[in-house]
Amino acid sequence: MNRSLKFLCIILTAVALSSCALWYPKSTAPTAPEPGQNVDWVEHVRQLTLMREWQIRGKIGVRTATDGGSAYLDWSQSFDSFYILLSGPLGQGSTIISGNPSGARLENSDGTFVSDSPENLVMEHTGWQIPINQLLYWVKGIPAPSGDIQMTRNALGTLDTLQQDGWKLEFDRYGNALDSLLPQRIKIQKDDLKVTLIIKEWLPLSNTGTDET
389 MNRSLKFLCI ILTAVALSSC ALWYPKSTAP TAPEPGQNVD WVEHVRQLTL MREWQIRGKI
449 GVRTATDGGS AYLDWSQSFD SFYILLSGPL GQGSTIISGN PSGARLENSD GTFVSDSPEN
509 LVMEHTGWQI PINQLLYWVK GIPAPSGDIQ MTRNALGTLD TLQQDGWKLE FDRYGNALDS
569 LLPQRIKIQK DDLKVTLIIK EWLPLSNTGT DET
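According to the numbering used here, the stretch in the sequence shown is residues 389 to 601, in order.
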């Protein structure tokens with residue numbers, strides 16, 4: 389497996405496991421605005437912050453000044469547990485990542501890798517400091533609750549662009565899913581690192597999606 393796909397695996401492991409360090413009240417289902425209405429931004433952020441069970445399917449790509457790669461993505465999140473499948477065309481080069489508050493496990497053709505710290509896992513395999521806690525918010529189209537924020541919103545009232553802690557994000561497309569407006573395409577950039585996340589489906593969590601470490 390090339391270094392770019394390894395990098396994708398480590399980022400996603402760290403993002404999912406980082407949810408264990410965050411505290412949320414009991415979840416309630418978001419409610420999408422009626423057709424033609426804009427979202428109530430404050431309520432939109434509150435509801436999506438509370439949304440802790442979901443499944444996404446799509447594709448993720450990463451590019452640096454010297455490397456690049458992409459993978460198909462199937463990611464299930466259930467509170468503090470997660471199960472992620474990354475694969476190439478026709479399922480080639482599949483990687484399974486699973487975890488819970490006890491730790492995270494990555495399985496691929498190179499072997500099995502285990503860590504109890506997402507931050508250490510990222511630094512060990514990439515040498516980069518990744519905004520682990522922020523990414524769990526960004527994927528849902530809302531800013532992380534801490535850090536310097538500059539943002540713009542689109543005509544629907546959802547997030548259009550975001551600058552937070554030196555990272556620049558563009559939210560190109562949204563769709564109605566899970567009773568809310570959720571991102572379908574996100575571009576994330578800092579220096580020469582560019583990540584593109586294309587979400588084809590937001591789904592209710594399947595009971596078969598999560599796993600134990």
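Note that the Cβ used here is the ideal one computed from N, Cα and C, for glycine as well.
Subject >> Where the beta strand (DSSP E) through R451 begins and ends >> reply: Here the question's residue 451 lines up with position 63 in the sequence shown. Where R451 is concerned, the enclosing beta strand (DSSP E) stretches over E441 to R451.
Original post:
Taking contact to mean at least 3 C-beta pairs separated by less than 8 Å, is the segment 539-550 in contact with the segment 425-434?
Top reply: The answer is yes - the segment 425-434 touches the segment 539-550, with three or more Cβ pairs under 8 Å.
Original post:
Anyone know if the C-beta pair for E490 and S482 falls short of 7 Å?
Top reply: Counted from its first residue, the sequence shown places residue 490 at position 102. Counted from its first residue, the sequence shown places residue 482 at position 94. Going by the sequence as given, residue 490 is Ser instead of Glu. The answer is no: Cβ separation not under 7 Å.
Subject >> Sufficient close CB pairs (3 or more, under 8 Å) joining the segment 557-564 to the segment 440-449 >> reply: no
Original post:
Can you tell me where the beta strand (DSSP E) with T483 in it begins and where it stops?
Top reply: Residue mapping note: residue 483 aligns to position 95 of the sequence shown, counting from 1. First-last of the beta strand (DSSP E) with T483: T483 to N488.
Original post:
Across which residues does DSSP place L593 in a beta bridge pair?
Top reply: If you number the sequence shown from 1, residue 593 lands on position 205. Answer by DSSP bridge pairing: none, since L593 is not bridged.
**OP:** For G554, count neighbouring Cβ atoms within 10 angstroms of its own Cβ and tell me buried if that reaches 16, exposed if not.
**Re:** As a working mapping, residue 554 is identified with position 166 in the sequence shown. Flag for G554 reads exposed.
**OP:** Starting from V502, follow the alpha helix (DSSP H) in both directions and report where the run begins and ends.
**Re:** Numbered from 1 along the sequence shown, position 114 holds the residue referred to as residue 502. That residue, V502, is in no alpha helix (DSSP H); its beta strand (DSSP E) goes G499 to S503.
Subject >> Pick from D468, K575 and T452 that is closest to G529, judged by C-alpha positions >> reply: Here residue 529 refers to the residue found at position 141 of the sequence shown. Residue K575 is the option with its Cα nearest to G529.
Original post:
How long is the line joining the alpha carbons of R451 and Y460, rounded to whole angstroms?
Top reply: Start at 1 with the first residue of the sequence shown, and residue 451 comes out as number 63. Start at 1 with the first residue of the sequence shown, and residue 460 comes out as number 72. Approximately 15 Å, taken between the alpha carbons.
Subject >> CB contact below 7 Å: L566 versus chain D >> reply: Judged by its chain identifiers, the structure shown contains no chain D, having just a single protein chain.
**OP:** Decide if S466 is buried, meaning its Cβ has at least 16 other Cβ atoms within 10 Å, or exposed.
**Re:** Position 78 of the sequence shown, counting from 1, holds the residue named residue 466. Burial call: buried.
**OP:** Using beta-carbon positions only, say whether G487 and F501 come within less than 7 Å of one another.
**Re:** To locate residue 487, count along the sequence shown from 1; it is residue 99. To locate residue 501, count along the sequence shown from 1; it is residue 113. Cβ distance not < 7 Å, so G487 and F501 don't count as in contact.
**OP:** Assign I537 to one of two classes, buried (16 or more other C-beta atoms within 10 Å of its C-beta) or exposed (fewer than that).
**Re:** Counting from one through the sequence shown, the residue named residue 537 turns up at place 149. Counting Cβ neighbours within 10 Å, I537 comes out exposed, since fewer than 16 surround it.
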